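Protein chains in written order, with UniProt numbering: chain A, 1 to 293; chain B, 1 to 293.
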């Protein structure tokens, strides 16, 4: 298939892809050397370290921080648990600000143990995000709600579609301050018949804060740890990245692959495979998607 | 929690729940003896047997046929494959008519090998259903599109929400003849923020043809074979069955549980557990759902 590739500098490496094998300071250098344009670290790599120093190192390496992963889940079995979760996220927001990240990724959480009420969990999530917004404003950090695949609705996130995330944004941030938006991950959203429309709507509302790429494998052996690199699975990444770019997305495409298979490789092997995988994404020429799209 | 249970006669046993351990003629008697009001057989149990005889036996046992499982997937790698799939489904429809089933369940299929185009698969599905409608009309069999969980979008069904199924119905059967509707399975739809609204809409459009119950386990060890019996997992079955009944659903609640764990038990053990599980579903009194719903 002929088409346009996307410059490697337009891709960012989510450090989860590398299996957290090395300290972040080493990972920063490896990612920059491999030619990527950004990095997205996890809290476990930052919170016990010298965050301002890491931020300086990332900038010196010429990398953007496409995201910072991730929120503590909001819902709790009690009001006290919920409050503790909110406080924990406020703490994380301060690190996010120090890192100079594009956004703090909200994996919002789901049913507390013993609960069967998604409506209650969703209310706790809305209240939790509302409780973070003032800090986000003051710190200049944007919050990116990440809708997770419906197979995680019980235990990871009860926000499961882009449409649902946008409704939360409209409710909590009606004036679109720029401090609340959406992180779209193709793994979680590729199946959605509305994915292209919702991506365009997210961008047009100024809320497309992050875009994660990876692939859906057939068969999927494990519900959590069996994602593929772009090209290994069935997601039409050319069409999806094309929609994002057509809609005016100007951020990075962040490679986030949880895979026990890939984690067996070394950091340099994973970065080499990642680079090839990212460059294999081929946008249809002149916005010409396949005829049935 | 206090509330109303649902009469066991209002439940039907999908024979997949029993692991196909016995010939259908034995299963019919066992299901009736256990006090259920219906049965939903699979094609493998019918197509090489005396279908009219089985139908008579089911009626004599006082059971309804809540569904007939299931369609051959529509999408093919070629037009010829698609045509063969349609023909296969036409054949199955004749058995469905002989059984006197409430509906023929359409598991519509997804990406043919080598394809990454959901739009193409979805078009093949729409064309396939359209190609069955005349036969369905002539035979007096209703077609029930079953939206499957998005985790099956690649390999089992590219119709993944009730809303999407209703759009197909409106497109293909705009006058709501009664011959095209939806099979709602809580396993596939419980996570959907719109599930209650869409269930009400399905019923009000006269398209709620089947309602499957089971449960979502946390954790889910296997993407296909790890469903739970009602009460074992996190789905709020009281709220969902309540919505269906409130919306005027007058069909059976069909227990469909694919579980390698449960299949290790004998048919009588499974029926005993099933009966208890169905009777454990407790509708909130007076339609009083939990306050956040």
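Where a beta carbon is used, it is the ideal one built from N, C-alpha and C, also for glycine.
In this text the structure is predicted, and so the values were computed from the model without any measurement.
On the premise that residue j lies in contact with residue i, defined as a C-beta separation below 8 Å, what is that separation, rounded to the nearest angstrom?
i, j, result
"residue 82(A)", "residue 124(A)", "6 Å"
"residue 182(A)", "residue 166(A)", "7 Å"
"residue 193(B)", "residue 164(A)", "5 Å"
"residue 38(A)", "residue 240(A)", "About 19 Å separates the two Cβ atoms, so there is no contact after all."
"residue 210(A)", "residue 71(A)", "Residue 210(A) to residue 71(A), Cβ: 13 Å. No contact."
"residue 104(A)", "residue 143(A)", "6 Å"
"residue 22(A)", "residue 271(A)", "Contact flag wrong, Cβ pair sits at about 11 Å."
"residue 25(B)", "residue 64(B)", "Actually they do not touch by this definition, with Cβ atoms about 17 Å apart."
"residue 133(A)", "residue 93(A)", "10 Å between Cβ atoms; not a contact."
"residue 222(B)", "residue 233(B)", "Actually they are not in contact, since the Cβ atoms of residue 222(B) and residue 233(B) sit about 14 Å apart, beyond 8 Å."
Quickly, what does DSSP pair residue i with across the bridge? List them, please.
i, result
"residue 254(A)", "12(A), 212(A)"
"residue 104(A)", "68(A), 143(A)"
"residue 182(B)", "145(B), 208(B)"
"residue 226(A)", "259(A)"
"residue 39(B)", "13(B), 65(B)"
"residue 92(A)", "Answer by DSSP bridge pairing: none, since residue 92(A) is not bridged."
"residue 4(A)", "283(A)"
"residue 109(A)", "157(A)"
Give the straight-line distance between the Cα atoms of residue i and residue j, rounded to the nearest whole angstrom.
i, j, result
"residue 146(A)", "residue 184(A)", "6 Å"
"residue 231(B)", "residue 42(B)", "25 Å"
"residue 355(B)", "residue 284(A)", "In this structure chain B extends from 1 to 293, so residue 355(B) is not present and cannot be described."
"residue 263(A)", "residue 60(A)", "27 Å"
"residue 141(B)", "residue 80(B)", "25 Å"
"residue 129(A)", "residue 152(B)", "31 Å"
"residue 267(B)", "residue 48(B)", "22 Å"
"residue 5(B)", "residue 10(A)", "57 Å"
"residue 280(A)", "residue 174(B)", "43 Å"
"residue 176(A)", "residue 161(A)", "19 Å"
"residue 45(B)", "residue 149(B)", "25 Å"
"residue 220(A)", "residue 238(A)", "21 Å"
"residue 199(A)", "residue 247(A)", "8 Å"
"residue 218(B)", "residue 156(A)", "11 Å"
"residue 282(A)", "residue 91(B)", "42 Å"
"residue 205(A)", "residue 180(A)", "11 Å"
"residue 14(B)", "residue 40(B)", "4 Å"
"residue 226(A)", "residue 208(A)", "26 Å"
"residue 7(A)", "residue 278(A)", "9 Å"
"residue 85(B)", "residue 135(B)", "14 Å"
"residue 178(B)", "residue 169(A)", "39 Å"
"residue 202(A)", "residue 202(B)", "28 Å"
"residue 260(B)", "residue 229(B)", "12 Å"
"residue 245(A)", "residue 106(A)", "23 Å"
"residue 305(B)", "residue 254(B)", "As displayed, chain B neither begins before 1 nor continues past 293, which places residue 305(B) out of reach and without an answer."
"residue 102(A)", "residue 30(A)", "21 Å"
So, for residue i: in the same chain, excluding its five sequence neighbours on each side, which residues have a beta-carbon less than 8 Å away from its beta-carbon?
i, result
"residue 16(A)", "42, 69, 256, 257, 258"
"residue 276(B)", "none"
"residue 158(B)", "75, 108, 109, 110, 111, 118, 121, 122, 125"
"residue 265(A)", "273"
"residue 20(A)", "42, 44, 45"
"residue 172(B)", "126, 129, 130, 133, 180"
"residue 95(B)", "43, 46, 47, 51, 68"
"residue 98(B)", "51, 52, 55"
The ligand MG heavy atoms versus the CB of residue i: any closer than 7 Å?
i, result
"residue 194(A)", "The ligand MG is absent from the structure shown, which contains no ligand whatsoever."
Tell me which residues share the same chain as residue i and place their Cβ nearer than 6 Å to its Cβ, disregarding the 5 neighbours each side in the sequence.
i, result
"residue 190(A)", "235"
"residue 195(A)", "189"
"residue 289(B)", "Residue placement at residue 289(B) cannot be trusted, given a pLDDT of 46 that sits under 50; what the coordinates show is reported in the next sentence. Counting only Cβ-Cβ distances below 6 Å, and skipping sequence neighbours, we find 239."
Kindly list the residues whose CB is nearer than 7 Å to the CB of residue i, restricted to its own chain and excluding five residues on each side of it in sequence; keep chain order.
i, result
"residue 62(A)", "32"
"residue 100(A)", "55, 65"
"residue 3(A)", "238, 282, 283, 284, 285"
"residue 88(B)", "72"
"residue 28(B)", "39, 57, 58, 61, 63"
"residue 18(B)", "27, 267, 270"
"residue 114(A)", "77"
Check whether the Cβ of residue i lies closer than 8 Å to any Cβ atom in chain E.
i, result
"residue 145(A)", "This model lacks chain E altogether, as its protein chains are A and B."
(request) Could you run through the segment 148-163 of chain A and flag, in chain order, every residue whose CB is less than 7 Å away from some CB of chain B? (result) 149, 150, 151, 153, 154, 155, 160
(message) Give me the subset of the segment 110-139 of chain B whose CB atoms are less than 8 Å from a CB atom of chain A, sorted by chain position.
(response) 111, 115, 116, 117, 118, 119, 120, 122, 123
(request) Return the residues of the segment 227-239 of chain A that lie within a Cβ-Cβ distance of less than 9 Å from chain B, sorted by chain order. (result) 233, 234, 235, 236, 237, 238, 239
(request) Scan the segment 170-193 of chain A for residues whose Cβ lies nearer than 8 Å to a Cβ of chain B and list them as they occur along the chain. (result) 190, 191, 192, 193
(request) Select from the segment 71-86 of chain B all residues with a C-beta closer than 8 Å to any C-beta belonging to chain A, and list them in chain order. (result) none
(request) Taking a Cβ distance cut-off of 8 Å, strictly less, list which residues of the segment 269-281 of chain B are near chain A, in chain order. (result) none
(request) Report the residues of the segment 209-220 of chain A with a CB closer than 8 Å to any CB of chain B, ordered along the chain. (result) 216, 218, 219, 220
(message) Which residues of the segment 2-33 of chain B have a Cβ closer than 8 Å to any Cβ of chain A? Give them in chain order.
(response) none
(request) Report the residues of the segment 249-270 of chain B with a CB closer than 9 Å to any CB of chain A, ordered along the chain. (result) none
(message) Which residues of the segment 47-68 of chain A have a Cβ closer than 9 Å to any Cβ of chain B? Give them in chain order.
(response) none
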